[in-house]
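Participant:
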Amino acid sequence: MIQTDILIIGAGPTGLFTVFEAGLLKLKCHLIDALPQAGGQCSEIYPKKPIYDIPGFPEILAGDLTKNLLEQGKQFQPGFTFGERAETIEKLDDGSFIVTTNKGTKHQAPVVAIAGGLGSFEPRKPPLQNIADYEDKGVEYIIRDPEIYRDKKVVIAGGGDSALDWSIFLADIAAEVTLVHRRNEFRGALDSVEKVQELKLLGKINLITPAEVTEIHGQDHVEGLTILKEGEKHYLETDHFIPLFGLSPKLGPIANWGLDIEKNAIKVDNSLDYRTNIPGIFAIGDVNTYPGKLKLILCGFHEATLMCQAAYKIINPGKKYVLKYTTVSGINGFDGTRKEAPKAVVQAIV
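Residues in the sequence shown are numbered from 100 upward in steps of one, following the working numbering.
#1: Does the region 170-179 come close enough to the region 126-133 that 3 or more CB-CB pairs lie under 8 Å?
#2: Starting from the Cα of Pro302, find the closest Cα among Leu289, Trp356, Ala273 and give me that residue.
#3: Below 8 Å, can you find three or more Cβ-Cβ pairs linking the region 387-404 to the region 349-369?
#4: Starting from the C-beta of Pro135, find all residues in its chain whose C-beta is less than 7 Å away, skip the five residues before and the five after it, and write them out in chain order.
#5: Whole angstroms are fine: how far does the CA of Ser291 sit from the CA of Ala382?
#6: Following the continuous alpha helix (DSSP H) through Ile396, name the residue where it begins and the one where it ends.
#7: Residues in the same chain with beta-carbon distance under 6 Å from Glu120, minus the five sequence neighbours each way, listed in chain order, please.
#8: Taking the alpha-carbon positions, what's the Phe344 to Thr103 distance?
#9: CA-CA distance, Glu234 and Ile414?
#10: Applying the criterion that 16 or more other CB atoms from any shown protein chain within 10 Å of the CB defines a buried residue, is Val279 buried or exposed?
#11: For Gln176, does the three-state DSSP call read helix, strand or coil?
#12: From Ile240 to Leu227, what distance separates their C-alpha atoms?
#13: Nearest-angstrom Cα distance between Gly351 and Leu300?
#14: If you draw a straight line from the alpha carbon of Lys412 to that of Ile307, how long is it in whole angstroms?
#15: If we ignore side chains and look at the alpha-carbon of each, how far apart do Leu397 and Asp152 end up?
#16: Less than 8 Å between the CB atoms is what I'm expecting for Lys252 and Glu336, so what's the real figure, rounded?
#17: Just reading off the beta strand (DSSP E) that Lys366 is part of, what are its end residues?
#18: Tell me, which residues are paired with Pro342 by DSSP?
#19: As a quick exercise: from Gly162, Lys294, Ile341, pick the residue whose alpha carbon is nearest that of Ala231.
#20: Let me know the secondary structure DSSP gives Glu311 once reduced to three states.
#21: Among Ile150, Thr165, Lys166, which residue has its Cα nearest to the Cα of Ile159?
#22: Inspect the beta-carbon positions of Val198 and Ile105 and report whether they are closer than 7 Å.
#23: Note down, in chain order, each residue of its chain lying with its Cβ closer than 8 Å to the Cβ of Val238, except the 5 sequence neighbours on either side.
#24: Have a look at the DSSP bridge pairing and note the partners of Val292.
#25: What span of residues does the alpha helix (DSSP H) with Leu358 cover, start to end?
#26: Taking the beta carbon of Gly172 as the centre, do at least 16 other beta carbons fall within 10 Å, making it buried, or is it exposed?
#27: Roughly how many whole angstroms lie between the Cα atoms of Ile377 and Leu358?
#28: If you draw a straight line from the C-alpha of Glu293 to the C-alpha of Gly287, how long is it?
As C-alpha coordinates, then:
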(Lines of atoms letter the chains of each structure in order from A; the text may use other names.)
(Lines give C-alpha, C1' and ligand atoms only; values in the text may rest on other atoms or scores of the structure.)
Protein backbone atom coordinates (compact mmCIF):
# COMPACT_ATOMS: atom_id res chain seq x y z
CA MET A 100 0.00 0.00 0.00
CA ILE A 101 1.44 3.37 -1.04
CA GLN A 102 0.56 6.09 1.50
CA THR A 103 0.86 9.81 0.99
CA ASP A 104 -0.73 13.14 1.99
CA ILE A 105 -2.08 14.15 -1.42
CA LEU A 106 -2.71 11.57 -4.13
CA ILE A 107 -2.61 13.28 -7.52
CA ILE A 108 -4.32 11.64 -10.49
CA GLY A 109 -2.42 12.90 -13.51
CA ALA A 110 1.23 13.93 -13.91
CA GLY A 111 0.76 16.77 -16.38
CA PRO A 112 1.88 20.36 -15.69
CA THR A 113 -0.87 21.05 -13.15
CA GLY A 114 -0.19 17.81 -11.26
CA LEU A 115 3.55 18.47 -11.24
CA PHE A 116 3.17 22.03 -9.96
CA THR A 117 0.92 20.71 -7.18
CA VAL A 118 3.98 18.81 -5.87
CA PHE A 119 5.82 22.11 -5.39
CA GLU A 120 2.93 23.97 -3.75
CA ALA A 121 2.19 21.03 -1.44
CA GLY A 122 5.87 20.75 -0.59
CA LEU A 123 5.93 24.33 0.66
CA LEU A 124 3.26 23.20 3.14
CA LYS A 125 5.29 20.12 4.13
CA LEU A 126 2.78 17.83 2.42
CA LYS A 127 3.95 14.73 0.55
CA CYS A 128 2.55 13.88 -2.90
CA HIS A 129 2.28 10.74 -4.99
CA LEU A 130 1.17 10.87 -8.64
CA ILE A 131 -0.59 8.24 -10.78
CA ASP A 132 -0.49 8.49 -14.57
CA ALA A 133 -1.44 6.03 -17.30
CA LEU A 134 1.42 7.32 -19.44
CA PRO A 135 4.93 5.90 -19.01
CA GLN A 136 6.39 9.30 -18.06
CA ALA A 137 5.48 12.67 -16.55
CA GLY A 138 4.22 15.62 -18.56
CA GLY A 139 0.80 14.58 -19.84
CA GLN A 140 0.03 16.04 -23.27
CA CYS A 141 3.21 18.15 -23.08
CA SER A 142 5.44 15.08 -23.24
CA GLU A 143 3.19 12.58 -25.02
CA ILE A 144 1.58 14.66 -27.78
CA TYR A 145 3.65 17.77 -28.48
CA PRO A 146 6.99 17.83 -26.57
CA LYS A 147 8.60 19.97 -29.28
CA LYS A 148 5.74 22.45 -29.57
CA PRO A 149 6.41 25.95 -28.19
CA ILE A 150 4.15 27.43 -25.48
CA TYR A 151 3.90 31.21 -25.22
CA ASP A 152 1.70 31.95 -22.19
CA ILE A 153 3.80 30.62 -19.30
CA PRO A 154 4.72 33.60 -17.06
CA GLY A 155 8.40 34.45 -17.23
CA PHE A 156 9.00 32.45 -20.43
CA PRO A 157 8.41 34.32 -23.70
CA GLU A 158 8.64 30.89 -25.33
CA ILE A 159 9.24 27.41 -23.91
CA LEU A 160 8.95 23.98 -25.50
CA ALA A 161 6.31 21.77 -23.88
CA GLY A 162 8.90 19.10 -23.11
CA ASP A 163 11.19 21.64 -21.47
CA LEU A 164 8.33 22.91 -19.31
CA THR A 165 7.86 19.36 -18.04
CA LYS A 166 11.58 19.05 -17.23
CA ASN A 167 11.54 22.37 -15.35
CA LEU A 168 8.49 21.38 -13.30
CA LEU A 169 10.08 18.05 -12.39
CA GLU A 170 13.26 19.84 -11.35
CA GLN A 171 11.29 22.35 -9.28
CA GLY A 172 9.43 19.63 -7.40
CA LYS A 173 12.11 16.95 -6.97
CA GLN A 174 13.36 18.47 -3.67
CA PHE A 175 10.01 17.43 -2.15
CA GLN A 176 10.59 13.82 -3.23
CA PRO A 177 7.26 12.96 -4.90
CA GLY A 178 6.38 9.37 -5.67
CA PHE A 179 5.16 8.18 -9.07
CA THR A 180 3.10 5.29 -10.37
CA PHE A 181 3.52 5.37 -14.15
CA GLY A 182 1.89 3.22 -16.79
CA GLU A 183 -1.15 2.52 -14.62
CA ARG A 184 -4.65 4.00 -14.74
CA ALA A 185 -6.56 5.00 -11.60
CA GLU A 186 -9.47 2.57 -11.71
CA THR A 187 -11.49 2.54 -8.47
CA ILE A 188 -11.81 4.65 -5.33
CA GLU A 189 -13.02 3.67 -1.86
CA LYS A 190 -13.62 5.97 1.10
CA LEU A 191 -12.63 4.54 4.48
CA ASP A 192 -14.23 5.22 7.87
CA ASP A 193 -11.39 7.57 8.82
CA GLY A 194 -12.18 9.76 5.80
CA SER A 195 -9.16 8.73 3.74
CA PHE A 196 -9.35 7.19 0.28
CA ILE A 197 -7.91 4.09 -1.32
CA VAL A 198 -7.37 4.38 -5.07
CA THR A 199 -6.58 1.16 -6.93
CA THR A 200 -5.09 1.11 -10.42
CA ASN A 201 -5.91 -1.21 -13.30
CA LYS A 202 -2.83 -3.24 -12.30
CA GLY A 203 -3.95 -3.61 -8.70
CA THR A 204 -1.59 -1.07 -7.09
CA LYS A 205 -3.27 0.48 -4.04
CA HIS A 206 -2.70 4.05 -2.84
CA GLN A 207 -4.06 5.62 0.35
CA ALA A 208 -4.38 9.36 1.10
CA PRO A 209 -6.67 11.74 3.02
CA VAL A 210 -6.84 14.02 -0.04
CA VAL A 211 -7.22 13.16 -3.73
CA ALA A 212 -6.51 15.78 -6.40
CA ILE A 213 -7.70 14.88 -9.88
CA ALA A 214 -5.44 16.66 -12.34
CA GLY A 215 -6.05 14.44 -15.33
CA GLY A 216 -6.12 17.17 -17.95
CA LEU A 217 -8.72 16.35 -20.56
CA GLY A 218 -8.64 12.70 -19.55
CA SER A 219 -7.43 9.88 -21.74
CA PHE A 220 -7.31 10.52 -25.47
CA GLU A 221 -8.31 8.60 -28.53
CA PRO A 222 -7.40 10.00 -31.94
CA ARG A 223 -10.21 10.83 -34.35
CA LYS A 224 -9.41 8.56 -37.27
CA PRO A 225 -10.45 9.18 -40.88
CA PRO A 226 -12.93 6.60 -42.20
CA LEU A 227 -10.44 4.72 -44.38
CA GLN A 228 -11.11 1.01 -44.75
CA ASN A 229 -7.55 -0.26 -44.26
CA ILE A 230 -6.05 2.43 -42.03
CA ALA A 231 -5.59 0.08 -39.06
CA ASP A 232 -3.27 -2.10 -41.19
CA TYR A 233 -0.81 0.78 -41.47
CA GLU A 234 -0.83 2.10 -37.90
CA ASP A 235 2.80 2.33 -36.72
CA LYS A 236 3.77 1.41 -40.28
CA GLY A 237 3.68 4.91 -41.68
CA VAL A 238 0.36 6.07 -40.22
CA GLU A 239 0.72 8.14 -37.05
CA TYR A 240 -1.94 10.13 -35.23
CA ILE A 241 0.45 11.87 -32.84
CA ILE A 242 3.91 13.26 -33.59
CA ARG A 243 6.19 12.33 -30.70
CA ASP A 244 9.61 12.47 -32.33
CA PRO A 245 9.89 14.75 -35.39
CA GLU A 246 13.28 13.25 -36.23
CA ILE A 247 11.70 10.09 -37.63
CA TYR A 248 10.44 12.25 -40.51
CA ARG A 249 13.83 13.65 -41.40
CA ASP A 250 14.42 13.41 -45.18
CA LYS A 251 11.12 11.56 -45.59
CA LYS A 252 8.02 12.38 -47.64
CA VAL A 253 5.16 13.30 -45.30
CA VAL A 254 1.46 13.93 -45.90
CA ILE A 255 -0.51 15.68 -43.16
CA ALA A 256 -4.32 15.85 -43.26
CA GLY A 257 -6.35 18.35 -41.25
CA GLY A 258 -7.30 21.99 -41.00
CA GLY A 259 -6.70 22.92 -37.35
CA ASP A 260 -3.79 24.29 -35.38
CA SER A 261 -1.99 20.94 -35.05
CA ALA A 262 -2.04 20.26 -38.79
CA LEU A 263 -0.81 23.78 -39.56
CA ASP A 264 1.83 23.90 -36.82
CA TRP A 265 3.33 20.52 -37.66
CA SER A 266 3.35 21.27 -41.38
CA ILE A 267 5.36 24.40 -40.60
CA PHE A 268 7.67 22.58 -38.18
CA LEU A 269 8.38 19.64 -40.49
CA ALA A 270 9.02 21.87 -43.50
CA ASP A 271 12.64 22.18 -42.33
CA ILE A 272 13.01 18.49 -41.45
CA ALA A 273 11.17 16.35 -44.01
CA ALA A 274 12.22 15.98 -47.63
CA GLU A 275 8.69 16.88 -48.69
CA VAL A 276 5.62 18.05 -46.75
CA THR A 277 2.11 17.97 -48.19
CA LEU A 278 -0.89 19.38 -46.32
CA VAL A 279 -4.31 18.10 -47.40
CA HIS A 280 -7.53 19.72 -46.18
CA ARG A 281 -11.09 19.20 -47.33
CA ARG A 282 -11.80 22.94 -47.35
CA ASN A 283 -9.97 26.01 -48.63
CA GLU A 284 -10.43 27.69 -45.24
CA PHE A 285 -8.53 26.60 -42.11
CA ARG A 286 -9.66 26.60 -38.47
CA GLY A 287 -6.22 27.43 -37.07
CA ALA A 288 -4.58 30.67 -36.01
CA LEU A 289 -4.36 33.30 -38.73
CA ASP A 290 -0.59 33.71 -38.43
CA SER A 291 -0.17 29.93 -38.91
CA VAL A 292 -2.35 30.00 -42.02
CA GLU A 293 -0.29 32.89 -43.41
CA LYS A 294 2.95 31.02 -42.63
CA VAL A 295 1.73 27.92 -44.49
CA GLN A 296 0.79 30.04 -47.49
CA GLU A 297 4.22 31.67 -47.38
CA LEU A 298 5.98 28.29 -47.26
CA LYS A 299 3.82 27.14 -50.16
CA LEU A 300 5.04 30.05 -52.27
CA LEU A 301 8.62 29.19 -51.30
CA GLY A 302 8.05 25.59 -52.43
CA LYS A 303 8.59 24.14 -48.96
CA ILE A 304 5.00 22.90 -48.47
CA ASN A 305 2.61 21.37 -50.99
CA LEU A 306 -0.93 22.53 -50.19
CA ILE A 307 -3.83 20.52 -51.65
CA THR A 308 -7.33 21.97 -51.01
CA PRO A 309 -10.19 21.23 -51.14
CA ALA A 310 -9.30 17.55 -51.07
CA GLU A 311 -9.23 14.44 -48.91
CA VAL A 312 -7.29 11.21 -48.63
CA THR A 313 -9.45 8.25 -49.67
CA GLU A 314 -7.03 5.30 -49.88
CA ILE A 315 -3.70 4.13 -48.44
CA HIS A 316 -1.33 2.00 -50.50
CA GLY A 317 1.73 -0.10 -49.67
CA GLN A 318 2.92 -3.57 -48.75
CA ASP A 319 4.40 -3.62 -45.23
CA HIS A 320 4.56 0.19 -44.93
CA VAL A 321 2.81 3.22 -46.35
CA GLU A 322 4.03 3.87 -49.89
CA GLY A 323 1.38 6.18 -51.29
CA LEU A 324 -2.08 7.71 -50.99
CA THR A 325 -5.06 8.32 -53.22
CA ILE A 326 -6.26 11.90 -52.92
CA LEU A 327 -9.68 12.98 -54.17
CA LYS A 328 -9.72 16.59 -55.37
CA GLU A 329 -12.72 18.10 -57.12
CA GLY A 330 -13.99 14.67 -58.16
CA GLU A 331 -10.67 13.47 -59.58
CA LYS A 332 -8.36 10.89 -58.00
CA HIS A 333 -4.63 11.52 -57.75
CA TYR A 334 -1.89 9.18 -56.53
CA LEU A 335 0.73 10.73 -54.22
CA GLU A 336 3.87 8.88 -53.19
CA THR A 337 4.72 9.25 -49.48
CA ASP A 338 6.51 7.58 -46.57
CA HIS A 339 4.18 8.79 -43.80
CA PHE A 340 0.51 9.74 -43.50
CA ILE A 341 -0.39 11.82 -40.43
CA PRO A 342 -4.13 12.54 -40.05
CA LEU A 343 -4.48 15.26 -37.41
CA PHE A 344 -8.23 15.47 -36.86
CA GLY A 345 -8.04 16.05 -33.13
CA LEU A 346 -8.34 13.84 -30.09
CA SER A 347 -11.47 12.61 -28.38
CA PRO A 348 -11.07 13.10 -24.59
CA LYS A 349 -12.60 10.60 -22.18
CA LEU A 350 -12.66 10.73 -18.38
CA GLY A 351 -12.32 6.96 -18.23
CA PRO A 352 -13.02 5.16 -14.91
CA ILE A 353 -13.07 8.48 -13.00
CA ALA A 354 -16.49 9.09 -14.55
CA ASN A 355 -17.80 6.25 -12.33
CA TRP A 356 -16.54 7.68 -9.02
CA GLY A 357 -19.80 9.45 -8.12
CA LEU A 358 -18.56 12.92 -9.06
CA ASP A 359 -20.75 15.58 -10.63
CA ILE A 360 -19.92 15.52 -14.35
CA GLU A 361 -20.82 18.13 -16.95
CA LYS A 362 -19.79 17.71 -20.59
CA ASN A 363 -16.94 15.32 -19.83
CA ALA A 364 -15.53 17.58 -17.08
CA ILE A 365 -15.79 17.48 -13.28
CA LYS A 366 -17.86 20.22 -11.67
CA VAL A 367 -16.08 22.06 -8.84
CA ASP A 368 -16.76 24.98 -6.51
CA ASN A 369 -14.40 27.73 -7.67
CA SER A 370 -15.65 30.15 -5.01
CA LEU A 371 -13.68 28.06 -2.49
CA ASP A 372 -10.88 25.71 -3.43
CA TYR A 373 -11.97 23.61 -6.45
CA ARG A 374 -13.54 20.94 -4.29
CA THR A 375 -15.88 18.42 -5.90
CA ASN A 376 -19.19 17.17 -4.50
CA ILE A 377 -17.24 14.54 -2.54
CA PRO A 378 -15.39 16.01 0.49
CA GLY A 379 -11.66 15.37 0.25
CA ILE A 380 -11.64 15.07 -3.54
CA PHE A 381 -10.60 18.07 -5.64
CA ALA A 382 -10.32 18.58 -9.40
CA ILE A 383 -7.81 21.03 -10.86
CA GLY A 384 -6.65 21.97 -14.34
CA ASP A 385 -8.38 21.13 -17.61
CA VAL A 386 -10.32 18.24 -16.06
CA ASN A 387 -12.64 20.57 -14.10
CA THR A 388 -15.39 22.98 -15.03
CA TYR A 389 -17.01 26.02 -13.41
CA PRO A 390 -18.49 29.34 -14.60
CA GLY A 391 -15.82 31.28 -16.47
CA LYS A 392 -13.42 28.33 -16.71
CA LEU A 393 -10.38 28.82 -18.98
CA LYS A 394 -8.44 25.72 -20.03
CA LEU A 395 -4.97 27.22 -19.67
CA ILE A 396 -1.90 25.80 -17.94
CA LEU A 397 -1.45 28.95 -15.87
CA CYS A 398 -5.04 28.64 -14.59
CA GLY A 399 -4.25 25.09 -13.50
CA PHE A 400 -1.27 26.41 -11.52
CA HIS A 401 -3.54 28.87 -9.70
CA GLU A 402 -6.12 26.18 -8.94
CA ALA A 403 -3.41 23.83 -7.62
CA THR A 404 -2.16 26.52 -5.23
CA LEU A 405 -5.56 27.11 -3.64
CA MET A 406 -6.33 23.40 -3.52
CA CYS A 407 -3.15 22.74 -1.52
CA GLN A 408 -4.23 25.29 1.09
CA ALA A 409 -7.50 23.39 1.53
CA ALA A 410 -5.64 20.07 1.67
CA TYR A 411 -3.46 21.41 4.49
CA LYS A 412 -6.57 22.14 6.59
CA ILE A 413 -7.93 18.63 6.01
CA ILE A 414 -4.64 16.95 6.89
CA ASN A 415 -3.88 19.29 9.81
CA PRO A 416 -7.29 20.06 11.42
CA GLY A 417 -7.20 22.92 13.87
CA LYS A 418 -3.68 23.92 12.86
CA LYS A 419 -3.32 27.39 11.37
CA TYR A 420 -0.99 27.94 8.45
CA VAL A 421 0.66 31.34 8.15
CA LEU A 422 1.47 32.22 4.56
CA LYS A 423 5.14 33.08 4.07
CA TYR A 424 6.55 34.34 0.80
CA THR A 425 9.37 32.18 -0.54
CA THR A 426 11.44 35.36 -0.97
CA VAL A 427 11.42 35.56 2.84
CA SER A 428 11.25 31.97 4.05
CA GLY A 429 13.26 30.22 1.36
CA ILE A 430 12.38 26.62 0.48
CA ASN A 431 12.97 23.56 2.64
CA GLY A 432 12.90 20.32 0.67
CA PHE A 433 12.07 16.91 2.16
CA ASP A 434 15.67 15.90 1.50
CA GLY A 435 16.87 18.42 4.06
CA THR A 436 18.21 20.91 1.55
CA ARG A 437 17.35 24.57 1.99
CA LYS A 438 17.35 27.37 -0.52
CA GLU A 439 17.78 30.63 1.36
CA ALA A 440 16.05 33.83 0.30
CA PRO A 441 18.61 36.51 -0.65
CA LYS A 442 19.40 38.69 2.38
CA ALA A 443 18.91 41.91 0.44
CA VAL A 444 15.38 40.79 -0.45
CA VAL A 445 14.62 39.86 3.16
CA GLN A 446 15.79 43.22 4.46
CA ALA A 447 13.73 45.07 1.89
CA ILE A 448 10.58 43.19 2.87
CA VAL A 449 11.16 43.32 6.64
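Beta carbons: idealized from backbone N, C-alpha and C, even for Gly.
Everything numeric in this text was worked out from a predicted model, so none of it was measured.
Facilitator: In short, the structure shows the following:
#1: yes
#2: This sequence places Gly at residue 302; Pro is not what is there. Nearest option by C-alpha distance: Ala273.
#3: By the Cβ rule, the region 387-404 counts as touching the region 349-369, because three or more pairs are nearer than 8 Å.
#4: Once the five neighbours on either side are set aside, the close Cβ partners of Pro135 are Phe181, Gly182.
#5: 33 Å
#6: 396-414
#7: Ala403, Thr404, Cys407
#8: 39 Å
#9: 47 Å
#10: Buried is the label assigned to Val279, since at least 16 other Cβ atoms lie within 10 Å of its Cβ.
#11: coil
#12: Here the sequence assigns Tyr to residue 240, which means Ile is not the residue at that position. Taking C-alpha positions only, Tyr240 is separated from Leu227 by approximately 14 Å.
#13: 45 Å
#14: Roughly 58 Å between the two C-alpha positions.
#15: 8 Å
#16: 6 Å
#17: 364-366
#18: Ala256
#19: Ile341
#20: DSSP, reduced to helix, strand and coil, places Glu311 within a strand of the structure shown.
#21: Ile150
#22: no
#23: Ile230, Ile315, Val321, His339, Phe340, Ile341, Pro342
#24: DSSP output for Val292 lists no bridge partner at all.
#25: Looking at the DSSP string, Leu358 is not in any alpha helix (DSSP H), and its letter there is neither H nor E.
#26: buried
#27: Taking the straight line joining both Cα atoms gives about 7 Å.
#28: 10 Å
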